[in-house]
Amino acid sequence: MNLVPTPEQKRIIEYPALPLRIAAGAGTGKTTTLAMRIAHLVGNGTAEPEQVLGITFTNKAAQELNERITEMLEGVAEPGRDVEIHTYHGFAALILSEFGVLAGVEHDSRIITPTFARQLLFDSIGSGEYEYLDVTWRGIIDRPESIASDLGDNLRTAEDLVALCEANDGELYEERAELAAIVRRFEAEKRRLGTLDYSDLVRLAYRAVTDHPEVASRIRSRYRVVLLDEYQDTNPAQRELLLKVFGDGFPVTAVGDPDQTIYEWRGASLDNFAGFPRHFPHEDGTAARTLSLTVNRRSTKGVIGFANAIREKTGDDTGQDLKPTGDAGPGLVATRWTRTALDEAEFIAGTMLELSNQGYEWRQMAVLFRKNKDIGLIQQALEEHQIPAEVASIGGLLAIPEIVDLHAWLRVLNDPADAPALLRILLGSRYRLGFADILPLTTWARTRPKSDVLQPTLLEAVDNLDEVETVRPDAREALDEFRKLYRQLLQDAQGASLVELARRILQATGSWQEVEAMPDQTRLSVRLNLHRFLDLAEEWSPLEGRPSLPAFLDYLDLMAEGNTEELTPARLSGQDAVALLTVHRAKGLEWPIVFIPALYHNNFPSRVRSYEDPYEKAHVLPYSLRLDIESLPPLLESMDRDDRRQLLKKRHDRQEWRTAYVAGTRAKERVYLSGAHWYGTPEPLKNPAKPSEFFEMAVDHADDLGTDDPGERPEKLKYEPVGDGAPDPVFPDGWDAAMRLMADDAGWAPRRAIDLGVGDAYDERVQHYQDKLFRIPDPPPPSEPEPLLTSVTGLVTYAICPQRFYWSEVDRLPRRPSSAARRGVEVHRRIELFNRGKVPLDDFAEDSYDLGPPEVESPGTRPWEAFLESRFATDKPMLIEAPFDLRLGSSTIRGRIDAIYSPTPDHWEIVDFKSGRPSKIPAAMVQLEAYAIAAVEVPFTSKRPNVIDVTFAYLGGGLATVSERADEAWIDRARSHLTELISSIDRQHWQPTPSTACRHCDFARFCEAGTTWLEDNG
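Heads up: the sequence shown begins at 10 in this note's numbering, then just goes up one per residue.
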């Protein structure tokens, strides 16, 4: 790439390999600058690519950084030589994967997400006795979760908190002691289950490098340069771990934007970035230098000016104002204050339609919310106007009508006593009952004799519908229809997986048919949101036991109630749809057009619900146990309570303004900010809302698109679904009744049209639809099939059995977890670690290595020991885990070679390690055939070899090798063989080929040919 750096970038790129802090404003090209700095340091000999370590926050950011660095290294380093990129938690996990035994970590420990940790905490609450805590309150889980998180973020445990409570008196510490007991049970439960949460990773990695300094030295010796990306979001524990390994003048470059520190509520410390120069000084003790990136390449001048105005409110003095590029356009920042939240939603939808007419795609627009509760009305407005939209958060997803209905069915199938869920179904669009229809059911349930334990439920009344009197005939018909469907789904739920049950509900209730009948844009929105929910159901797995419906519903409740989802950037589908998400989930993303709604008083900026005062709140970690006290408000127990509150409010307000800054800087071209006098769904608040400080500040820097008067308080704020409200003037009894009439009497509709005075228009419309139905043009000729893209493993699978390939790659069926595959991955991982001290944590999956057919387990020498005793452990490979894309005709084969050794400059030995004994499956040779052709055709290095050997190194039961010399004739035969396989795949030849491989096939139990072979051959 031929990029010309700005003077700011040039200073950073050419800065020596010394500790350095980079204050990088939003949109200033920090990723490109970091990549160019790495290329410069590799180019001048400071470090080899493998000696560069990059650490960032998310897997997505790690992937982007790795791709950018790879681009910049072209022409600087040989292909196949990669830098090492991890997430902060991934780096800690890497340390534990190698040295965890020194900190008491089992090798097979499982890492759990924050939502699973919240689930464990919830279980831990129920097993204790309490005098000071009110555990009947559902929100109680937030308190042990908060203090457990703070303990981990400060390298503390429940035992440290217990000791502090025992040394202090008073009700505050008694309550804190009960919280500590919950956290203690939580930590014990994690140990019992063999699980680690994210804070455990850092704390235990810190213990390993602190208790064993030689471990820190070994890790440190592997690198020459370290990059810390998004450093402003790190917590004190992460800082201390990095200091322990890379302190004392090591060339660490920390990049961050203090104006985007929006995760303080989950442990991010302002002191980490602010204090970097003194935390990571030069070897002689002098403070690290700070360089800045201020030229914003993302946004227009108007957006940048607006962002700088927000920045003034953050109170930060570390960063600098953003500057536009010389060719930046003027852009637009606009405000609109409407009468009601419905009017605001209509304004946003209308503006989007105008922008669409101007040529903008829907995917180029986003609506960013401070809170999930505000998503619903705007999502409904977009649906009303047929604007496709995807909701990128579970909290918002569970409020979408189609998801609410599906969720309600799952709840009723799980708990027959869940009356709110049952009412949602019965009062909804499918059954269209009213409260008057429900009254006989509730009367029946209330008047039935109680058992010793239970009051009869509303669902029991439906189940005993024949005993319920005074039910209208059409209501009785609808209830009977519901009863039949409920019984069928209840039967289907037995043994069905969660995702299969959800799919059956959607099918049985006619939801998919309703979706297909929707207008195109609305259909896309609903599909995206339903599939997002189905993906969640399919991916979810509990900590213990099999996935169950009650556990899944609890998981949804915990995710919707907590903030854990806000910690990760949204994963958007890439479809042409407007994104609806919170500001926290939008961090790191960008769109040409951004809408920021609901800017009313105490909503954005949000108000402080409860001040985090450690002298008043038991769930707030006392300052004496914190590592970041210098960045915290200077609270003292002797201070007046209101004075402490003022200090805490100031801290909260600054974080809210930083959140506003993140929202404003997501836009490239235009920002629309809006609010309304009346909010509250469906019942409006008693008094009109006032504009927030954010909105008022925006007015001074924006075009005013209008301000409406509040008027009288509206009766309700709700989009009415079709069929509610006033009777339909055309079909007084509803369209469904009209459809039944037309089915019985074909002349009813024409007569009705004449009665309404629209007979001619009716006939014209009927003719129009008949033309569309019966004059359908011939279908277009079939399009050319997509070029084949498969992996080496896939090609080996096809060579073994085409039917197995079909079920693995084409029409994918579920597969059992494979212990042999997991062991194979582990062997590859350890060999890679041995060869270059690096394991990309994102590659710990089976599809990250070309594992080939299942390998036979072997007694005797373990694979790792066999490797250490082999010649491969003493010879350094030229390339390690070398990825390639091999083109054969129009097809592409992707693979990754374990190792390429070069005994002499023109001689390569390509080696694939296997953890089992030598394979008796001839098709396994396809793997080496693909590798040999890749060695000839893919430019792994600037010089191709004259001699190529290909080797399987089997490590089960001691080293055994199978090698062949890949001369020109051998490679020609290999190319013909692979071309033949690809041609068969293109022709869709999926015939089964039974063999000994059937013994290890996931699909043998329902493959007739495979079952027959196994019966015949034992």
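Even for Gly, the Cβ is constructed at its ideal location relative to N, Cα and C.
At what residues does the alpha helix (DSSP H) containing residue i begin and finish?
{"i": "Ser-230", "result": "222-230"}
{"i": "Cys-174", "result": "167-175"}
{"i": "Val-471", "result": "467-472"}
{"i": "Val-524", "result": "520-525"}
{"i": "Phe-814", "result": "811-814"}
Per DSSP, what kind of secondary structure is residue i in: helix, strand or coil?
{"i": "Lys-677", "result": "strand"}
{"i": "Gly-148", "result": "helix"}
{"i": "Leu-351", "result": "helix"}
{"i": "Arg-201", "result": "helix"}
{"i": "Ala-505", "result": "coil"}
{"i": "Ala-925", "result": "Strictly speaking, residue 925 in this sequence is Gly, with Ala absent from that position. The answer is coil: DSSP assigns Gly-925 none of H, G, I, E or B."}
{"i": "Gly-768", "result": "helix"}
{"i": "Val-234", "result": "strand"}
{"i": "Thr-452", "result": "helix"}
{"i": "Lys-19", "result": "helix"}
{"i": "Ile-104", "result": "helix"}
{"i": "Lys-310", "result": "helix"}
{"i": "Lys-332", "result": "strand"}
{"i": "Glu-878", "result": "coil"}
{"i": "Phe-356", "result": "helix"}
{"i": "Glu-115", "result": "coil"}
{"i": "Arg-481", "result": "coil"}
{"i": "Lys-725", "result": "coil"}
{"i": "Val-218", "result": "helix"}
{"i": "Arg-871", "result": "coil"}
{"i": "Lys-493", "result": "helix"}
{"i": "Ala-939", "result": "helix"}
{"i": "Pro-691", "result": "coil"}
{"i": "Pro-863", "result": "Bear in mind that the predicted position of Pro-863 carries a pLDDT of just 48, short of 50, making it unreliable; the figure below should be weighed with that in mind. Here Pro-863 sits in coil by DSSP."}
Check the DSSP bridge columns for residue i and list the partner residues they point to.
{"i": "Leu-888", "result": "Ile-909"}
{"i": "Ile-957", "result": "Trp-917"}
{"i": "Trp-1022", "result": "In DSSP, Trp-1022 forms no bridge with anything."}
{"i": "Arg-345", "result": "Ser-683"}
{"i": "Asp-754", "result": "Answer is none; Asp-754 lacks a bridge partner."}
{"i": "Ile-6", "result": "Outside the displayed span of the chain (10 to 1027) sits residue 6, for which this structure offers no information."}
{"i": "Pro-700", "result": "Tyr-609"}
Would you mind reading off the limits of the beta strand (DSSP E) that contains residue i?
{"i": "Gly-898", "result": "Careful: Gly-898 lies outside any beta strand (DSSP E) and carries neither H nor E."}
{"i": "Ser-951", "result": "Looking at the DSSP string, Ser-951 is not in any beta strand (DSSP E), and its letter there is neither H nor E."}
{"i": "Thr-799", "result": "798-800"}
{"i": "Ala-33", "result": "29-33"}
{"i": "Val-587", "result": "587-591"}
{"i": "Gly-715", "result": "712-716"}
Check whether the Cβ of residue i sits closer than 6 Å to any heavy atom of the ligand GTP, and report yes or no.
{"i": "Gly-898", "result": "Judged by which ligands are present, the structure shown has none, so any question about the ligand GTP falls away."}
Which whole-angstrom value describes the C-beta separation of residue i and residue j, a residue pair presumed to lie in contact below a C-beta threshold of 8 Å?
{"i": "Ile-809", "j": "Ile-942", "result": "Rounded, the Cβ-Cβ distance is 19 Å, inconsistent with contact."}
{"i": "Arg-119", "j": "Thr-204", "result": "5 Å"}
{"i": "Leu-964", "j": "Phe-1012", "result": "Leu-964 to Phe-1012, Cβ: 28 Å. No contact."}
{"i": "Ile-906", "j": "Trp-917", "result": "Rounded, the Cβ-Cβ distance is 10 Å, inconsistent with contact."}
{"i": "Ala-672", "j": "His-610", "result": "In fact, because the Cβ distance is near 17 Å, the residues do not count as touching under 8 Å."}
{"i": "Arg-379", "j": "Ala-607", "result": "7 Å"}
{"i": "Glu-198", "j": "Ser-133", "result": "6 Å"}
{"i": "Ala-707", "j": "Phe-285", "result": "That belief does not hold up - the Cβ atoms of Ala-707 and Phe-285 are roughly 32 Å apart, past 8 Å."}
**Every unbroken alpha helix (DSSP H) within the stretch 597-673, with a cutoff of 4 residues, ordered by chain** = 650-673
**Request:** Give, in chain order, every unbroken run of the alpha helix (DSSP H) that is at least 4 residues long and sits entirely within the stretch 40-100.
**Result:** 68-81
**Prompt:** Where in the stretch 366-449 do unbroken runs of the beta strand (DSSP E), each at least 3 residues long, occur, reported from the N-terminal end onward?
**Reply:** 374-378 and 398-400
**Asked** What are the start and end residues of each continuous beta strand (DSSP E) run of 3 or more residues lying completely inside the stretch 948-1017, in chain order?
**Response** 956-963 and 969-974
**Request:** Please specify which runs of the beta strand (DSSP E), each continuous and at least 3 residues long, are wholly inside the stretch 251-307, giving them in chain order.
**Result:** 261-265 and 298-302
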